[in-house]
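**Student:**
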Amino acid sequence: MHVNSESFIQDSTAAVRNKTLQTRLRVLTGFTVKRNLMFAELPDGEALRDRARQIKEHTIGNLDAYLCQLEENVVRLGGTVHWARTGKEARAIVLELARKNNVKRVVKAKSMVTEEIELNEALEQAGIEAVETDLGEYIVQLANEKPSHILAPAVHKSKGDISDLFADKLGVANLKEAEEMTVVARRRLREKFLTADMGITGANFGVADSGTIVLVENEGNIRLSTTVPRIHVALMGIEKLVPSLDDLAVFLKILARSASGQKMSSYVSFITGGRRADECDGAEEFHLIILDNGRTRLLADEEMRESLYCLRCGACLNVCPVYQKIGGHAYGSVYSGPIGSIITPAFAGLEKSKDLPFASTLCGACREICPVRIDIPRILLKLRSDWSEGKRTDGGPPLIEKLAIRLWAFAMRHPSVYQLVFRVPAFLQGPLLEDGKFKHLPLGLGGWTTSRDFPALARRSFRSMWRDQR
Amino acid sequence: MSINSARDAILRDVRRALGRDERTAPPLSEVPASTSAQLEQLVSQIRDNCERQRDQLIERFESESIRVGVRFYRAASAEAAFQHIEAVCKAREAKRIVGWQAQVIADVGLRERLQERGVEFLSETNGREFIRTAEAADIGISGVDYALADTGTLVLLACKGQARSISLLPPVHIALVRPRQILSGLSDLFPILRADAKSSDLSSAITFVTGPSRTADIELTLVVGVHGPQQLHVLLLE
Amino acid sequence: MRVSLFVTCLVDQFFPEVGMSVVAVLRKLGVEVDFPAEQTCCGQPAFNSGFSGEARKLGKRFIEIFEKSEYVVAPSGSCSSMVRVFYPELFAKDPDWHKRAESLASRTYEFTEFLVNVLKVEDVGGAYHGKVALHQSCHLLRELNVKTEPQCLLRAVKGIELVDLERAETCCGFGGLFSIKYPHISGSVLQDKLESIEKSGADVVVASDVGCLMHIGGGLSRQCSAAKTMHIAELLAKKG
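Residue numbers (numbering that gives the first Met the number 0), protein chains in the order written: chain A, 0 to 469; chain B, 0 to 237; chain C, 0 to 239.
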């Protein structure tokens with residue numbers, strides 16, 4: 000997976016200074032407020048979350064069996080199953096299907112997996128028009144950008160931005176309201192749906208015992224992409240499985256609530272094979288591409304394994320104080336926010352994304368809100384340890400940082416040194432203080448004082464006071 | 000490279016990752032699958048419960064539907080139902096309607112009565128032309144297979160006579176529901192679907208419809224009506 | 000009953016009055032307090048930076064110093080959670096140290112939770128006249144699950160006017176070394192907290208962690224705000 004996380008510090012700095020972005024990101028707290036209301040309404044919300052996690056744990060713990068069962072059932076009901084170890088293999092499968100079927104135009108539903116494998120670029124290079132049909136994705140595609148949020152890909156754009164974009168790319172000027180812009184998008188995209196040869200979606204869930212792919216949406220573009228074009232291709236990560244419809248019910252009860260604070264999203268599509276012989280609409284051919292692309296690596300690491308339980312609901316993004324300030328693009332990865340901070344290093348390597356596990360206060364809000372209770376802070380700590388202490392030949396903290404920690408730890412193990420480390424500066428700090436505080440900190444700690452004062456060291460330490468009062 | 004090498008490699012990697020012997024798969028499911036008899040009994044219980052709670056289910060279904068932006072109408076008779084539908088047609092200046100071939104639509108005598116008023120009522124034919132027909136229609140009218148009270152959800156099974164396009168392409172969707180089709184929620188629905196599927200597998204496409212289509216992709220402002228229908232009317236035929 | 004005070008390095012060297020306040024309140028409630036002078040740091044900065052090896056060394060030292068204590072109490076949610084939650088994890092692969100860590104963990108408390116849940120006291124006889132807002136530190140809230148104890152204690156303070164703080168449970172942006180490694184993000188998150196504080200009309204912001212308070216206080220001071228920060232122990236020790 001291609002990432003741009005090496006410029007995290009520059010990108011996140013630019014993001015916090017971007018006033019438009021800051022205004023746009025503020026609205027995300029609305030999702031969390033609604034989510035909390037919706038869960039408070041559920042009499043058994045906590046039990047459902049526990050059950051959801053249990054089901055994922057069981058399924059992922061027996062993934063090979065369920066993958067085989069899913070394949071068997073999809074094939075039995077007239078679909079074709081393909082397996083792809085890497086994004087490259089998955090792209091090749093899609094392109095081959097397109098070539099065989101003379102596909103000129105593809106309509107795409109919002110799918111993190113297709114972003115992950117950079118499918119659009121491959122299609123374009125092969126001369127195939129790939130049209131994003133989710134409104135937010137359509138907007139970022141027109142703007143030649145990447146999506147910045149799992150659920151609301153264009154959340155970083157203002158109405159004004161979008162109006163300008165539509166004027167520029169669609170030739171429709173002076174649109175002011177969201178409704179007007181949506182009407183224009185609907186009309187333009189309807190034409191694409193009707194003339195597309197292939198619809199490509201992801202899959203929210205794969206139900207093993209019935210061979211069913213489940214897709215969740217609000218706009219209707221998934222329904223259209225799977226109903227109108229001749230061929231439907233669904234790409235699914237191996238971790239998306241659930242054993243049965245009854246298990247699925249648990250997830251459907253909590254997914255929309257977690258993601259957008261709705262009881263149920265507007266549409267849920269259960270696709271089992273292509274249309275039957277006597278039907279007049281629906282794709283004629285159904286293809287399922289089962290994708291690994293690094294997921295078995297996550298599976299193999301017992302501490303990382305639970306990151307595969309993720310439902311891609313976006314709740315952790317909405318609640319994360321860091322995401323709320325830097326937005327999705329700064330992470331430099333398809334997967335942003337707390338979940339992105341743990342799976343991006345696994346998919347793309349820690350060397351390319353070393354800031355992501357560290358750019359967190361470990362506040363735990365993500366774990367608190369995750370519908371399947373993924374312990375993201377624990378995994379962040381594990382990744383930090385992998386980086387700082389990992390036996391890596393390809394990267395690690397700079398020598399000076401390792402030295403600093405060693406020296407600091409040494410001081411902490413020797414009370415007399417510990418005392419010196421603090422009491423010497425306490426003695427010398429006088430001339431550096433203004434109004435009894437530090438307005439500037441030396442020795443590379445100046446980052447603190449760009450926006451905050453730093454307290455002076457106490458003239459007497461607690462232990463000195465304690466000694467006196469005995 | 001053989002066709003199956005990616006499959007074999009992935010399964011091998013999965014088994015290795017789980018610390019298992021690379022060749023054998025474990026037995027499935029910790030919960031033994033229910034027998035046909037057990038499933039039938041469960042379904043029977045569900046239907047009895049729904050029958051007993053009929054009035055509460057109707058109330059709940061109505062309030063949840065309205066909550067998600069459905070235009071809800073309770074029709075005491077087939078005549079009342081027709082009148083309401085006619086009013087919607089007039090308001091939309093509808094000339095062309097696509098509809099399911101379903102009992103409930105026949106019960107209201109929709110096709111004939113609409114034709115009498117100069118409104119075309121088309122059901123599906125084979126071939127891809129129907130999609131174009133549905134695209135050109137002003138209103139799509141369907142029945143439902145089931146409805147879920149706790150979320151105001153319509154459950155539509157695709158099959159011959161129940162084309163997906165009908166409830167999807169036209170800007171307005173009218174769904175006719177009978178009280179006995181209303182279940183309390185997913186826990187009722189899935190056993191029933193499973194019981195039905197034992198004889199003939201799941202439908203090629205089951206669609207849950209909860210309210211009209213919507214998006215909040217522009218500044219998180221809610222806009223009702225995107226790609227799917229902009230208006231959803233639910234008529235409860237009592 | 001005897002408590003060993005785990006004063007924490009930041010309190011020891013920057014805010015000793017917080018330590019003295021803890022001692023005063025505990026003594027007032029009839030608890031004997033001792034202070035193992037060998038103590039320094041629990042090792043959390045090393046642990047949070049991924050240097051578990053160094054953290055383990057400091058953890059072992061800490062366990063040796065405190066394991067004979069009947070109770071260990073600290074005026075810090077994050078330091079208490081290091082001992083209670085993370086030490087057992089740090090030593091998960093070493094059965095002997097794991098046992099010792101778990102034993103110590105079971106006797107280690109943050110100050111407000113100790114008062115309410117062990118001493119079963121909510122009114123410590125404090126008095127303070129002023130508008131006070133409570134910031135709920137993340138480790139206290141989400142690692143130790145201490146949700147209502149600080150409020151209970153504050154409500155019993157005579158003359159206090161507890162004001163609502165919007166988004167009280169949202170992180171202030173300190174995050175330990177995060178505040179220095181990613182100061183632009185840290186400062187930006189802080190802005191929201193400062194706005195909530197201004198909106199609340201509070202004269203004083205209290206919390207159970209001096210890390211949060213240094214960060215919030217530093218922001219208030221930089222913006223020349225009238226509001227001040229105070230550790231909850233200090234406020235509870237006040238006699239009006």
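We put the beta carbon where it would ideally sit given N, CA and C, even for glycine.
Measure the beta-carbon distance from residue 154/A to residue 23/A and round it to whole angstroms, keeping in mind my assumption that it falls under 8 angstroms.
**Tutor:** Their Cβ separation, rounded to whole angstroms, is 6 angstroms, which keeps residue 154/A and residue 23/A in contact under 8 angstroms.
**Student:** Using the beta-carbon of each residue, which ones in chain A are nearer than 9 angstroms to residue 158/B?
**Tutor:** Chain A residues near residue 158/B: 275, 277, 278.
**Student:** Which residues in the same chain as residue 0/B place their Cβ atom closer than 6 angstroms to its Cβ, once the five residues preceding and following it in sequence are excluded?
**Tutor:** Note that residue 0/B has pLDDT 45, beneath the 50 cutoff, so the model's placement of it is unreliable and the number below is only indicative. Excluding sequence neighbours, residue 0/B sits near nothing in its chain.
**Student:** Assuming the contact rule is C-beta atoms closer than 8 angstroms, residue 137/C and residue 360/A should be a hit. Round their C-beta distance to whole Å, please.
**Tutor:** Going by Cβ atoms, the distance from residue 137/C to residue 360/A rounds to 7 angstroms, so yes, they are a contact pair.
**Student:** What residues in its chain sit with their C-beta under 7 angstroms from that of residue 67/B, if we drop five residues either side in the sequence?
**Tutor:** Contacts found: 151, 209, 210.
**Student:** Going along the chain, which residues of its own chain have a beta-carbon closer than 6 angstroms to the beta-carbon of residue 432/A, five neighbours each way excluded?
**Tutor:** Only 455 meet the Cβ criterion.
**Student:** Quick check: is the beta carbon of residue 75/C nearer than 8 angstroms to any beta carbon in chain A?
**Tutor:** Output row for residue 75/C: interface = no.
**Student:** Which same chain residues, not among the five before or five after residue 0/C, have their C-beta less than 6 angstroms away from its C-beta?
**Tutor:** Once the five neighbours on either side are set aside, the close Cβ partners of residue 0/C are 30.
**Student:** Taking three-plus beta-carbon pairs below 8 angstroms as touching, is the region 27 to 46 of chain C in contact with the region 212 to 225 of chain B?
**Tutor:** Not touching, per the Cβ criterion.
**Student:** At 7 angstroms on the CB atoms, spell out the chain B contacts of residue 220/A, in chain order.
**Tutor:** Near residue 220/A (Cβ distances below 7 angstroms), the residues of chain B are 226.
**Student:** Out of 96/B, 113/B, 149/B, 107/B, state which residue places its alpha-carbon closest to the alpha-carbon of residue 123/B.
**Tutor:** The candidate whose alpha carbon is nearest that of residue 123/B is 96/B.
**Student:** Are the C-beta atoms of residue 120/A and some chain C residue less than 8 angstroms apart?
**Tutor:** It does not; no Cβ of chain C falls within 8 angstroms.
**Student:** Does the region 100 to 117 of chain A come close enough to the region 130 to 148 of chain A that 3 or more CB-CB pairs lie under 8 angstroms?
**Tutor:** As far as the Cβ criterion goes, the region 130 to 148 of chain A touches the region 100 to 117 of chain A, which means the pair count is three or higher.
**Student:** Identify, in the order they occur along the chain, each residue of the same chain with its Cβ nearer than 7 angstroms to the Cβ of residue 181/A, setting aside the five sequence neighbours on each side.
**Tutor:** Within the same chain, residue 181/A has close Cβ partners 134.
**Student:** What does the Cβ neighbour count give for residue 191/A, buried or exposed, with the cut at 16 atoms within 10 Å?
**Tutor:** With 16 or more Cβ atoms within 10 Å of its Cβ, residue 191/A is classed as buried.
**Student:** Kindly list the residues whose CB is nearer than 6 angstroms to the CB of residue 374/A, restricted to its own chain and excluding five residues on each side of it in sequence; keep chain order.
**Tutor:** The answer, listed in chain order, is 366.
**Student:** Measuring only between beta-carbons, confirm whether residue 167/A sits less than 8 angstroms from chain B.
**Tutor:** No - not a single Cβ of chain B is within 8 angstroms of the one on residue 167/A.
**Student:** How about residue 188/C: is its C-beta nearer than 8 angstroms to some C-beta of chain A?
**Tutor:** Closer than 8 angstroms: yes.
**Student:** Near residue 236/C, which residues of its chain fall below 6 angstroms by C-beta distance, leaving aside the five closest residues on each side in sequence?
**Tutor:** Taken in chain order, the residues that qualify are 20, 23, 24.
**Student:** Closer than 6 angstroms by C-beta to residue 8/B: which residues in its own chain qualify, once you throw out the five before and the five after it? Chain order, please.
**Tutor:** Result list for residue 8/B: empty, nothing under 6 angstroms.
**Student:** Taking the alpha carbon of residue 11/C as the point to measure from, which residue in 425/A, 436/A, 443/A has its own alpha carbon closest?
**Tutor:** Minimum Cα distance to residue 11/C is reached at 425/A.
**Student:** Going along chain C in order, which residues have a C-beta closer than 9 angstroms to the C-beta of residue 452/A?
**Tutor:** Simply 216, 217, 218, 219, 220, 221.
**Student:** What would DSSP say about residue 436/A, mapped onto helix, strand or coil?
**Tutor:** Note: residue 436/A maps to strand in three-state DSSP.
**Student:** Quick one: any contact between the region 296 to 310 of chain A and the region 85 to 104 of chain A, if contact means 3 or more CB pairs under 8 angstroms?
**Tutor:** Too few Cβ pairs lie closer than 8 angstroms, so no.
**Student:** Can you list, in chain order, the stretches of the alpha helix (DSSP H) that have 4 or more residues and sit fully within the region 326 to 365 of chain A?
**Tutor:** DSSP runs (the alpha helix (DSSP H)) wholly in the region 326 to 365 of chain A: 336 to 347, 354 to 357.
**Student:** Contact between the region 243 to 251 of chain A and the region 185 to 192 of chain B: three or more CB pairs below 8 angstroms?
**Tutor:** Yes, they touch.
**Student:** Can you list, in chain order, the residues of its chain whose CB lies under 6 angstroms from that of residue 447/A, leaving out five sequence neighbours each side?
**Tutor:** Only 440, 453 meet the Cβ criterion.
**Student:** What are the start and end residues of the beta strand (DSSP E) that includes residue 3/C?
**Tutor:** Per DSSP, residue 3/C belongs to the beta strand (DSSP E) from 1 to 4.
**Student:** To the nearest angstrom, report how far apart residue 91/B and residue 70/B are at their CA atoms.
**Tutor:** Near 14 angstroms, if we compare the C-alpha coordinates of residue 70/B and residue 91/B.
**Student:** So, is the C-beta of residue 60/B closer than 8 angstroms to a C-beta in chain A?
**Tutor:** For residue 60/B, the answer is no, since every Cβ of chain A falls outside 8 angstroms of its Cβ.
**Student:** Going along chain A, which residues have a C-beta under 7 angstroms from residue 45/C?
**Tutor:** What residue 45/C touches in chain A: 404, 408.
**Student:** On the three-state DSSP scale, how would you describe residue 204/C?
**Tutor:** Strand at residue 204/C.
**Student:** Would you verify that the beta carbon of residue 344/A is, or is not, closer than 8 angstroms to some beta carbon of chain C?
**Tutor:** It does not: the Cβ of residue 344/A has no partner Cβ on chain C nearer than 8 angstroms.
**Student:** Spatial neighbours of residue 238/C within its chain, please: CB distance less than 6 angstroms, with the 5 preceding and 5 following residues excluded, ordered by chain position.
**Tutor:** Within the same chain, residue 238/C has close Cβ partners 126.
**Student:** Kindly confirm or deny that the region 208 to 225 of chain C and the region 75 to 90 of chain C touch, where touching means at least three C-beta pairs closer than 8 angstroms.
**Tutor:** The answer is yes - the region 75 to 90 of chain C touches the region 208 to 225 of chain C, with three or more Cβ pairs under 8 angstroms.
**Student:** Going by DSSP, what residue range makes up the alpha helix (DSSP H) through residue 465/A?
**Tutor:** 461 to 468 is the span of the alpha helix (DSSP H), which, as asked, contains residue 465/A.
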